[in-house]
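Here is the structure we will look at, set down as C-alpha cells.
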Amino acid sequence: MQLALSTWQEVEDALRKSDGIIIPIGSVEQHGPNGLIGTDHLCAEVVAKGVGDATGCLVAPTLAYGMSQHHLGFTGSATLRPSTLMLVVRDVVQSLAVHGLRKFFFINGHGGNVATVTAAFDELYALKSLGQLDPAVRCRMTFWSGGPRGKALADELYAGVNGNHATAAEVSLAQYYQPEAIKHAQMTPKVAPTAPQFFEAADYRARFPDGRIGSDPSQSSPVHGKRLYDAAVADMVDAYEAFLAY
Ligand code: NI
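The opening residue of the sequence shown carries number 24 in this note's numbering; numbering runs sequentially from there.
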C-alpha cells in the first residue's frame, strides 16, 4: 500500500492494523558507464514496493537524494550534506509519528547513507529520551541486497566481481525495474579497480575514473534483475516482519 497513492482515510484504516511503514532511501549519483544516476533509489524503491505488495504494509515515497558528496566529480550527481539528510530523516519520521506510526523500516540502496541515517536515528532516540517523541518509535535500516537470498544469488551470478559501487547486481535490478532505460557501454578494464579508502570527490574520481569500484556491470541483465528482485523482496519481507515482532 503506497502512501502516495492512498487517501488520508485509507491511511487511518491502515494504521488500525499496523503502526509500521517502509521508507525506501537511495541516492542521485553516477553508477558507472551503464548504470543509471537513480540506481540506488530505484533499487530501494522497487524492492520496497514489492514488500508492500506482498504484505500490504504502508510504503512511503522514496527519499531519492542521499549523502553522495564523494560522487560530485561525476556529472549529474547530487548530494544532501549529512546535516541536511539527518534533518530530512528526522522530519519525515517525526511527522509520520504524529499520526501513530511507530516502526520505521528503511530499505536502503546506498552505502554512503549509513553513517548519516544511523546518526539521525540517534537524534530521534534522543528526542524520545527528552520527552519530545513517542517512546515506542523505533527505526531500522537495511540494504535491499543484504539478506541471505540476495547475497547468495549475487555471489552465484557475479562471483568476485559484483563489486562495491555500480555493482553488477544493482545495475541488473535497475534494468529489471526500468527496462526502457537500459544502457550499453564498453568498460575498460572489465573489472573496475578497488582501493581500501577514498576521500572527497576529486580523490574518488582519480582512483575510479569511470565511477565503478571493483565491479563488472557488463554482466548485468534484466533477467538477473528479476531473480535479484524476487530474492530481495523475500529477504526484506522476512526482515520487516522480524523488525515488527522484535
Ligand atoms: Ni549504488
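By construction, the Cβ of each residue, glycine as well, lies at the ideal position given by its N, Cα and C atoms.
In this text, all values refer to a predicted model and were calculated from it rather than measured experimentally.
Near the ligand NI: residue i beta-carbon under 7 Å from a heavy atom
| i | result |
| --- | --- |
| residue 94 | no |
| residue 193 | yes |
| residue 233 | no |
| residue 99 | no |
| residue 63 | yes |
| residue 237 | no |
| residue 248 | no |
| residue 207 | no |
| residue 122 | no |
Among the options, nearest to residue i - alpha-carbon criterion
| i | options | result |
| --- | --- | --- |
| residue 45 | 97, 236, 138 and 112 | 112 |
| residue 186 | 152, 148, 105 and 217 | 217 |
| residue 143 | 264, 27 and 163 | 163 |
| residue 225 | 94, 237, 212 and 24 | 94 |
| residue 194 | 70, 43, 169 and 62 | 62 |
| residue 124 | 197, 150, 83 and 67 | 83 |
| residue 68 | 259, 268 and 264 | 259 |
| residue 241 | 66, 214 and 257 | 214 |
| residue 202 | 208, 98, 189 and 246 | 246 |
Cβ separation of residue i and residue j, assumed to be a contact under 8 Å, to the nearest whole Å
| i | j | result |
| --- | --- | --- |
| residue 103 | residue 90 | 6 Å |
| residue 177 | residue 251 | 7 Å |
Residue(s) in a DSSP beta bridge with residue i
| i | result |
| --- | --- |
| residue 81 | 44 |
| residue 25 | 82 |
| residue 51 | 101 |
Span of the beta strand (DSSP E) around residue i
| i | result |
| --- | --- |
| residue 164 | 161–166 |
| residue 266 | Run containing residue 266: none in the beta strand (DSSP E); it sits in the alpha helix (DSSP H), 245–268. |
First and last residue of the uninterrupted alpha helix (DSSP H) at residue i
| i | result |
| --- | --- |
| residue 151 | 137–152 |
| residue 174 | 171–180 |
| residue 105 | 105–121 |
| residue 230 | 224–230 |
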